[in-house]
Amino acid sequence: MTAFPNSLPAPAHPDPRDAPVLRWGILGPGLIAGHFVAALMKHTGQQVTAVASRTAQRAADFADSYGIAQSYGSYEDLLADDTVDAVYIATPMSEHYAQTVMCVQAGKHALVEKSFMRTAAEAVEVRELARAGDVFVMEAMKTRYIPQVQVIDRLLADGVFGTVDSVVAQYGGVVPFQAGHRVFDPALGGGVLLDIGVYPLSFAYTVLGAFTSVKASGTLAASGVDDSASAVLTTESGARALVETTLRASTPIRASINGSLARVESGEPFHNPSPLSLISADGLRRLDWNDQRYPGRECLAFEASAMARYVADGLTESPVHGLDDSVAIMTLLDEMRRQVGARFTDEL
Ligand SMILES: NC(=O)c1ccc[n+]([C@@H]2O[C@H](COP(=O)([O-])OP(=O)(O)OC[C@H]3O[C@@H](n4cnc5c(N)ncnc54)[C@H](OP(=O)(O)O)[C@@H]3O)[C@@H](O)[C@H]2O)c1
Numbered sequence: 016m017t018a019f020p021n022s023l024p025a026p027a028h029p030d031p032r033d034a035p036v037l038r039w040g041i042l043g044p045g046l047i048a049g050h051f052v053a054a055l056m057k058h059t060g061q062q063v064t065a066v067a068s069r070t071a072q073r074a075a076d077f078a079d080s081y082g083i084a085q086s087y088g089s090y091e092d093l094l095a096d097d098t099v100d101a102v103y104i105a106t107p108m109s110e111h112y113a114q115t116v117m118c119v120q121a122g123k124h125a126l127v128e129k130s131f132m133r134t135a136a137e138a139v140e141v142r143e144l145a146r147a148g149d150v151f152v153m154e155a156m157k158t159r160y161i162p163q164v165q166v167i168d169r170l171l172a173d174g175v176f177g178t179v180d181s182v183v184a185q186y187g188g189v190v191p192f193q194a195g196h197r198v199f200d201p202a203l204g205g206g207v208l209l210d211i212g213v214y215p216l217s218f219a220y221t222v223l224g225a226f227t228s229v230k231a232s233g234t235l236a237a238s239g240v241d242d243s244a245s246a247v248l249t250t251e252s253g254a255r256a257l258v259e260t261t262l263r264a265s266t267p268i269r270a271s272i273n274g275s276l277a278r279v280e281s282g283e284p285f286h287n288p289s290p291l292s293l294i295s296a297d298g299l300r301r302l303d304w305n306d307q308r309y310p311g312r313e314c315l316a317f318e319a320s321a322m323a324r325y326v327a328d329g330l331t332e333s334p335v336h337g338l339d340d341s342v343a344i345m346t347l348l349d350e351m352r353r354q355v356g357a358r359f360t361d362e363l
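Residues 16 to 363 in our numbering are what the sequence shown spells out, letter by letter.
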């Protein structure tokens, strides 16, 4: 039996500035690309050397905003740029497969925004292609690299929770239907599960590993993509994950890991830097942890610096969220979308 600790462990990589430097190119100068570049500039020594859009002016405007030396009006042109070591793919899910393939073929390391691909079949193909090549490919599952999850990793490794009985994770917010918006567009890999449901699902997967059964229900938006989903996922040993996501209601954005010796409760939102509390099973002891130096999307600095460390170490996959993990999560997302009745345009 592992005793309740006297203090919480430190994150493995507390400072994203310590990492070796990669020269980054950005595909898709949209919302998250702006946050990514800003986070790298504020919190890391990483260099952003080029940006590409389907429209030359959009790329030039983005480059001006962030002081990026080179802009391209075509994604292919950026991939031919020798000053780019690594590419951040920040486009809708429908584009991830083809763009990751292009990166591997061009010999560029790729950090692919979540959800990794649209389907497990695409993820398997990319995994096999990446493994046949000599580049690093990683899903940009930012939560996996943020400080409080590094603390949770150590608590899990130390057996502090005892036997984990359940993981509960929830992420919802009201987003009114908007035809053509990438989140509602079945041609762009839309749907709440791939957009934000992947966070609670990925968190539960990180803690519990492989699931042997999935029971999901949810609702569809007018365009046919999923706009809410709840699921119970069960492991071989009987541990359960309760995962919920929705665009129809504002929900807590929280997660807990509940074990025989202790539980951890996140603050909000659990997928970005947030406080956590470790509480003994008898409720008598409690340790609180908090680090708000990298608020909100500034935490994207952690995934980029983690990737730079892995590349410098000669790895081709993330040791904490490798391509098998991304394939497993896409397989669960496929199954949840199937049970909810959601279909992409080419699945209709
Ligand atoms: N990590 C996070 O916190 C976070 C937050 C939000 C989103 N994301 C993820 O980041 C990715 C992009 O999301 P976003 O919200 O940044 O999207 P967004 O604002 O719509 O930007 C997407 C960019 O993709 C490019 N693009 C390429 N092909 C496209 C197509 N067929 N249709 C539409 N746009 C296309 C567009 O650039 P050009 O037209 O200029 O080429 C556009 O600027 C998604 O995978 C999403 O899940 C992550």
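Ideal Cβ positions, reconstructed from N, Cα and C, are used throughout, including at glycine.
Taking the beta carbon of residue i as the centre, do at least 16 other beta carbons fall within 10 Å, making it buried, or is it exposed?
| i | result |
| --- | --- |
| G43 | buried |
| D149 | exposed |
| L223 | buried |
| T7 | Because the chain here runs from 16 to 363, residue 7 falls outside it and cannot be looked at. |
| N287 | buried |
| L170 | buried |
| R301 | exposed |
| E91 | exposed |
| P201 | buried |
| T98 | exposed |
| P310 | exposed |
| L299 | exposed |
| L363 | exposed |
Considering only heavy atoms of ligand 1, does any lie closer than 7 Å to the CB of residue i?
| i | result |
| --- | --- |
| M322 | no |
| M117 | no |
| R159 | no |
| E110 | yes |
| K129 | yes |
| R73 | yes |
| D92 | no |
| R312 | yes |
| L46 | yes |
| D210 | yes |
| R352 | no |
| A138 | no |
| R301 | no |
| G43 | yes |
| S89 | no |
| P107 | yes |
| R197 | yes |
| A246 | no |
| L203 | yes |
| A54 | no |
| R69 | yes |
| A155 | yes |
Please say whether residue j and residue i have beta carbons closer to each other than 8 Å?
| i | j | result |
| --- | --- | --- |
| Q354 | A231 | yes |
| M132 | M108 | yes |
| Y214 | E318 | no |
| F176 | R278 | yes |
| I41 | V179 | no |
| A316 | L55 | yes |
| A219 | V164 | no |
| A138 | K123 | no |
| A246 | M345 | no |
| S292 | D303 | yes |
| G187 | T115 | no |
| A74 | D96 | no |
| F51 | Y103 | yes |
Note down the Cα distance separating residue i from residue j, rounded to an integer number of angstroms.
| i | j | result |
| --- | --- | --- |
| K129 | S238 | 21 Å |
| T249 | H336 | 20 Å |
| L330 | A321 | 11 Å |
| S86 | L93 | 8 Å |
| M156 | A357 | 23 Å |
| D241 | A105 | 21 Å |
| G205 | L144 | 25 Å |
| A172 | P24 | 11 Å |
| P35 | G82 | 21 Å |
| A327 | V119 | 17 Å |
| A184 | N21 | 27 Å |
| S295 | E251 | 26 Å |
| I341 | F151 | Before going on, a small fix: residue 341 reads as Ser here, not Ile. Roughly 14 Å separates the two Cα atoms. |
| D339 | S333 | 10 Å |
| V189 | S243 | 11 Å |
| R69 | F359 | 23 Å |
| A147 | A125 | 14 Å |
| F199 | A18 | 48 Å |
| G49 | D30 | 21 Å |
| R263 | P191 | 8 Å |
Is any beta-carbon of chain D found at less than 8 Å from that of residue i?
| i | result |
| --- | --- |
| F199 | Chain labels in this structure do not include chain D; a single protein chain is all it has. |
Exercise for the section: Output the residue ranges of the alpha helix (DSSP H) runs that lie fully inside the stretch 87-153 and measure 4 residues or longer, sorted by chain position. Expected result: 90-94, 108-121, 135-147
Practice task
Quick one: which unbroken beta strand (DSSP E) runs of 3-plus residues sit fully inside the stretch 243-317? Chain order, please.
Solution key: 255-261, 270-274, 277-281, 291-295, 301-304
Problem - Start-end ranges of the beta strand (DSSP E) lying completely within the stretch 168-239, minimum 3 residues - result: Whole beta strand (DSSP E) segments, 3+ residues: 179-187, 228-235.
Problem - Runs of alpha helix (DSSP H) lying entirely within the stretch 28-66, each at least 4 residues, in chain order - result: As far as the stretch 28-66 is concerned, its whole alpha helix (DSSP H) runs of at least 4 residues are 46-58.
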